[in-house]
Amino acid sequence: SGWVVGYDLEGGDVASHAFIWDGSSMRGLTPFHDPRDSYAIAINTNGWVIGEVVNVGSFLWNGSSMQDLGALGVRAYALNASGWVAGSRGSHAVILNGQGIQDLGTLGGNTLGTAINASGWVAGVGYLSPNVPVSGASHAFLWNGASLQDLGTLGGTKSEAVAINGSGWVVGRSTIPGDTAFHAFVW
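FYI, in this note's numbering the residues of the sequence shown are 3 to 189.
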């Protein structure tokens with residue numbers, strides 16, 4: 003419906019503030035009445051918003067009230083039309099679906115869900131072994147509601163999922179042999 007979310011600096015303030023713009027006016031979202039930096043990450047078709055308060059955690063705004071996802075240990079990265087949130091909790095990718103938090107597992111190391119479709123399928127990225135630094139091998143994954151599937155790479159050591167559509171098609175980027183460049187992929 004043409005709505006936009008993001009963050010801005012209000013009146014010369016040094017802290018950023020999450021906002022929602024409905025096409026005619028901008029409304030500030032001040033999660034938990036916290037004056038620290040906040041930003042909105044995504045909005046769904048119902049106007050629900052996920053975002054982050056720096057050094058506090060993620061939030062879900064349903065149009066009238068704010069839920070503290072950080073208190074649940076959830077870091078939010080994506081939101082679908084039903085209000086389901088994909089993200090991470092500790093070192094595992096998770097879905098928060100109104101009935102609780104569902105652990106999606108790992109590929110051996112840390113995982114995080116970066117995209118979710120209307121069916122609740124999640125795409126994301128996972129490290130292949132524990133205790134791997136950020137520069138370590140990582141692969142895109144797809145969770146189809148039942149199991150976590152490693153999507154591999156285009157010959158390099160890294161890939162990550164960026165989006166998933168209603169048919170379960172995943173798009174992202176992957177390194178090629180030698181890790182010399184990233185190329186887009188569709189799976």
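Ideal Cβ placement from N, Cα and C applies to all residues, glycine included.
Going by beta carbons, Tyr79 and Thr47 fall outside the 7 Å limit. Buried is the label assigned to Ile166, since at least 16 other Cβ atoms lie within 10 Å of its Cβ. For the pair Ile45 and Trp86, the CB atoms are not nearer than the 7 Å cut-off. At least 7 Å separates the beta-carbon of Val127 from that of Ala148. Residue burial is scored here from C-beta neighbours: Ala186 has fewer than 16 other C-beta atoms within 10 angstroms and is therefore classed as exposed.
DSSP, reduced to helix, strand and coil, places Asp24 outside both helices and strands of the structure shown, so it counts as coil.
If only uninterrupted beta strand (DSSP E) runs of at least 3 residues are considered, those enclosed by the segment 112-142 are 113-118 and 124-129. Straight-line measurement puts the Cα of Phe61 at about 5 Å from the Cα of Gly53. In the structure shown, the three-state DSSP call for Gly72 is helix.
Residue pairing from DSSP places Gln151 in a beta bridge opposite Leu144. In the three-state DSSP reduction, Asp181 falls in the helix class (H, G or I). Burial of Gln69 is indicated by the presence of at least 16 other C-beta atoms within 10 angstroms of its C-beta.
Boundaries of the beta strand (DSSP E) harbouring Gly59: Gly59 to Trp63, taken from the DSSP string. By the beta-carbon neighbour count (other beta carbons within 10 angstroms, threshold 16), Ile97 is buried. In its chain, beyond the 5 residues on either side, Ile118 and Ala120 have a beta carbon closer than 6 Å to the beta carbon of Asn82.
Contact check for Thr182 and Thr155: beta-carbon distance about 13 Å, past the 8 Å limit, so the pair fails to qualify.
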